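Everything below concerns the one structure shown next.
2 protein chains.
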Amino acid sequence: MATDRTDRTAPGRLSASRLRVVVPSVAERVADELRLQLAEGALVPGARLTESTIAEDLGVSRNTVREAFAELASERLVVRHPNRGVFVASLGAEDIHDVYTVRRAIEVSALRAGGSPEDVAAVRAAVEEGKRAAAAGDDEAGGTANQHFHGAIVAMAKSQRLNTIMAQVLAEMRLFFHKATADALFYQRYLPDNEAICEALEAGQLDRAADLLLAYLDRSEDNLTEVHGDDGGADAG
Amino acid sequence: MATDRTDRTAPGRLSASRLRVVVPSVAERVADELRLQLAEGALVPGARLTESTIAEDLGVSRNTVREAFAELASERLVVRHPNRGVFVASLGAEDIHDVYTVRRAIEVSALRAGGSPEDVAAVRAAVEEGKRAAAAGDDEAGGTANQHFHGAIVAMAKSQRLNTIMAQVLAEMRLFFHKATADALFYQRYLPDNEAICEALEAGQLDRAADLLLAYLDRSEDNLTEVHGDDGGADAG
DNA sequence: ATCGAAGGATTGTTGAACAATCGCTGGTTT
DNA sequence: AAACCAGCGATTGTTCAACAATCCTTCGAT
Chain X
109 MATDRTDRTA
119 PGRLSASRLR
129 VVVPSVAERV
139 ADELRLQLAE
149 GALVPGARLT
159 ESTIAEDLGV
169 SRNTVREAFA
179 ELASERLVVR
189 HPNRGVFVAS
199 LGAEDIHDVY
209 TVRRAIEVSA
219 LRAGGSPEDV
229 AAVRAAVEEG
239 KRAAAAGDDE
249 AGGTANQHFH
259 GAIVAMAKSQ
269 RLNTIMAQVL
279 AEMRLFFHKA
289 TADALFYQRY
299 LPDNEAICEA
309 LEAGQLDRAA
319 DLLLAYLDRS
329 EDNLTEVHGD
339 DGGADAG
Chain F
109 MATDRTDRTA
119 PGRLSASRLR
129 VVVPSVAERV
139 ADELRLQLAE
149 GALVPGARLT
159 ESTIAEDLGV
169 SRNTVREAFA
179 ELASERLVVR
189 HPNRGVFVAS
199 LGAEDIHDVY
209 TVRRAIEVSA
219 LRAGGSPEDV
229 AAVRAAVEEG
239 KRAAAAGDDE
249 AGGTANQHFH
259 GAIVAMAKSQ
269 RLNTIMAQVL
279 AEMRLFFHKA
289 TADALFYQRY
299 LPDNEAICEA
309 LEAGQLDRAA
319 DLLLAYLDRS
329 EDNLTEVHGD
339 DGGADAG
């Protein structure tokens with residue numbers, strides 16, 4: 109019988125069996141490129157993505173761009189308005205709450221279950237990474253470290269699907285954070301929280317760590333909702 | 109606010125100004141059709157889906173089928189093997205554990221947060237639906253009722269993203285359950301659990317309801333892993 | 001000024017075409 | 001006989017060109 113290797117496409121990094129150079133399809137590379145521009149803020153929320161423009165710009169066919177759009181739409185990074193085009197997703201207040209509902213479910217669950225010493229060490233490493241970024245005054249690195257921290261928490265669950273979901277949620281948030289990061293100290297305020305959560309985790313106090321994380325998420329959501337106040341996301345779902 | 113300017117002339121034309129009649133695109137309809145065949149078990153795990161065959165079969169273009177494939181792949185219902193084709197996903201033991209990890213995170217979180225009386229009523233309705241199905245000896249309806257039950261629990265969180273994730277997870281499980289449903293009594297064993305969870309929820313004992321749900325999920329996972337053990341899975345080659 | 005009708009642009013979908021790749025068949029070698 | 005290698009057929013990946021459908025805008029009529 110042909111036992112299929114778990115050869116997922118989305119993470120797609122496990123080319124263990126064959127020496128075959130894993131060359132992503134053109135559509136995936138287009139999606140990667142757009143995802144990058146989205147993360148860098150080169151494409152602002154609400155911006156329109158014209159098929160022909162991107163196709164010509166990247167030297168690919170319209171159909172390929174279309175496939176890339178489908179991928180990004182499934183990740184909620186763009187939204188399709190039928191017969192009108194695709195637009196960079198712009199999150200409204202209810203979307204923020206929604207995203208944090210997902211984060212509360214996933215992160216708290218992973219934290220409550222705990223993890224191996226290596227997993228905990230990864231969380232600790234992310235905390236220290238954040239400290240170094242703060243000391244260097246690099247808020248971009250601070251944001252990355254913060255995402256590493258929460259990613260490491262979810263990674264404790266050792267679930268591919270949970271990791272994928274978390275990665276998508278973090279990508280959605282990154283899309284939104286470009287407004288918030290105007291405040292260079294935005295992430296620094298969360299450093300003590302991360303430190304406290306990590307300490308509780310290291311001490312094996314899982315329930316306490318979970319409570320701290322919940323409080324952190326609630327506060328973070330409030331902060332983000334507040335920042336969001338000035339601009340209304342005019343996006344009808 | 110609603111500028112109604114229709115219904116006087118243009119006999120054959122549908123007014124789609126505000127009352128947007130959502131007509132799914134062809135690609136979506138193809139995806140729906142395939143999703144249906146997947147749910148019905150017409151397409152067994154490991155089966156190959158040839159683009160040209162499906163295109164010809166449904167009377168659409170290959171490109172459209174391709175878009176539908178992308179959608180299904182993002183839902184993990186099919187897997188793409190580069191240059192080889194797409195195959196109906198076949199879940200292994202680790203996938204079952206993975207799926208249940210997601211369910212534990214999402215369902216327990218939603219249950220712990222509780223819901224409005226209407227939400228609880230929806231959960232109760234799903235329990236009663238299951239009872240009726242059991243009384244009628246309809247295991248297909250029993251499975252549907254069971255999914256309604258868990259869907260209603262997640263719906264309490266009022267999160268679009270969580271609902272989407274849960275729907276996809278349930279679709280993945282349905283893909284797998286066609287082996288398990290050979291046992292007509294498969295769902296009946298869960299009826300007392302659902303009843304107990306619902307009662308705790310109605311009584312406002314959220315922590316107790318969450319504990320019951322956790323125990324249920326663990327037991328369900330064990331049962332499913334056991335069923336999976338005897339069969340190595342449909343081979344694709 | 002408001003309303004309705006052409007115009008232009010973009011998306012949705014199709015069909016055909018071609019290169020790249022995979023699995024298989026069949027012959028060759030040891 | 002078993003293993004290896006080349007060639008063949010089939011399918012996927014990608015592009016291109018075309019057309020219908022739909023939307024937004026502009027212009028003209030009332």
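Protein chains in written order, with this note's numbering: chain X, 109 to 345; chain F, 109 to 345.
Even for Gly, the Cβ is constructed at its ideal location relative to N, Cα and C.
This one's a predicted model, so the numbers in the text were calculated from it and none came from an experiment.
Exposure of residue i, with buried meaning 16 or more beta-carbon neighbours within 10 Å
i	result
Glu-136(X)	buried
Glu-334(X)	exposed
Asp-206(X)	buried
Ser-198(F)	buried
Gln-145(F)	exposed
Gln-313(X)	exposed
Gly-167(F)	exposed
Ala-265(X)	buried
Pro-119(X)	Any reading at Pro-119(X) must be qualified, since the residue scores a pLDDT of 31, below 50, and its modelled position is unreliable; the value itself is stated next. It is exposed - the Cβ of Pro-119(X) has fewer than 16 other Cβ atoms within 10 Å.
Gly-223(F)	buried
Asp-326(F)	exposed
Arg-240(X)	exposed
Arg-192(F)	exposed
Asp-338(F)	Here Asp-338(F) scores only 44 on pLDDT, less than 50, and its place in the model should not be relied on; the value that follows carries that caveat. Burial call: exposed.
Glu-183(X)	buried
Asp-140(F)	exposed
Glu-175(X)	buried
Glu-226(X)	exposed
Glu-248(F)	exposed
Asp-165(X)	exposed
Leu-244(F)	The sequence shown places Ala at residue 244(F), not Leu. The residue is exposed, with fewer than 16 neighbouring Cβ atoms inside 10 Å.
Cβ-based neighbour list, residue i, same chain, cut-off 8 Å, excluding 5 preceding and 5 following
i	result
Asp-213(F)	The identity of residue 213(F) in the sequence shown is Ala, whereas the question assumes Asp. Within the same chain, Ala-213(F) has no close Cβ partners at all.
Glu-310(F)	Val-228, Arg-232
Ile-283(X)	First, the amino acid is wrong: residue 283(X) is Leu here, not Ile. Within the same chain, Leu-283(X) has close Cβ partners Leu-146, Ala-147, Pro-153, Leu-185, Val-196, Ala-197, Leu-199.
Ala-242(F)	Gly-250, Tyr-295, Gln-296, Leu-299
Ala-230(F)	Ala-260, Ala-263
Counterpart residues of residue i in DSSP-defined beta bridges
i	result
Arg-156(X)	Phe-195(X)
His-189(X)	Gly-193(X)
Chain-order list of residues whose beta-carbon lies under 7 Å from that of residue i (same chain, five-residue window excluded)
i	result
Ser-169(X)	Ala-163
Val-173(X)	Val-138, Glu-159, Ile-162, Ala-163
Glu-303(X)	Val-235
Ala-308(X)	Arg-316, Ala-317, Leu-320
His-336(F)	Ala-201, Ile-204
Met-281(F)	Val-207
Gly-149(X)	His-286
His-256(X)	Ala-234, Glu-237
Extent of the continuous alpha helix (DSSP H) run through residue i
i	result
Arg-137(X)	134 to 148
Val-173(X)	170 to 182
Lys-266(F)	Counting along the chain, Lys-266(F) falls outside any alpha helix (DSSP H), and DSSP gives it neither H nor E.
Val-228(X)	225 to 244
Val-131(F)	Where Val-131(F) is concerned, there is no enclosing alpha helix (DSSP H), given that its DSSP letter is neither H nor E.
Tyr-208(X)	201 to 221
Ala-304(F)	299 to 310
Beta-carbon separation (whole angstroms), residue i vs residue j, contact threshold 8 Å
i	j	result
Tyr-298(X)	Ser-328(X)	7 Å
Leu-94(X)	Phe-195(X)	This structure does not reach residue 94(X), given that chain X is present from 109 up to 345, and the question cannot be answered.
Gly-238(F)	Ala-253(F)	4 Å
Asn-271(F)	Val-277(F)	That belief does not hold up - the Cβ atoms of Asn-271(F) and Val-277(F) are roughly 11 Å apart, past 8 Å.
Ser-267(F)	Val-216(X)	Contact doesn't hold; Cβ gap of about 14 Å is too wide.
Arg-220(F)	Asp-315(F)	7 Å
Glu-179(X)	Ala-178(F)	6 Å
Ser-133(X)	Pro-190(F)	7 Å
Contacting residues, own chain, Cβ-Cβ under 6 Å from residue i (five flanking each side not counted)
i	result
Arg-188(F)	Ala-181, Val-194
Ile-305(X)	Ala-317, Leu-320, Leu-321
Leu-332(F)	Ile-204
Leu-151(X)	Gln-145, Val-196
Asp-301(F)	Tyr-324
Ala-218(F)	Ile-261, Val-262, Met-264, Ala-265
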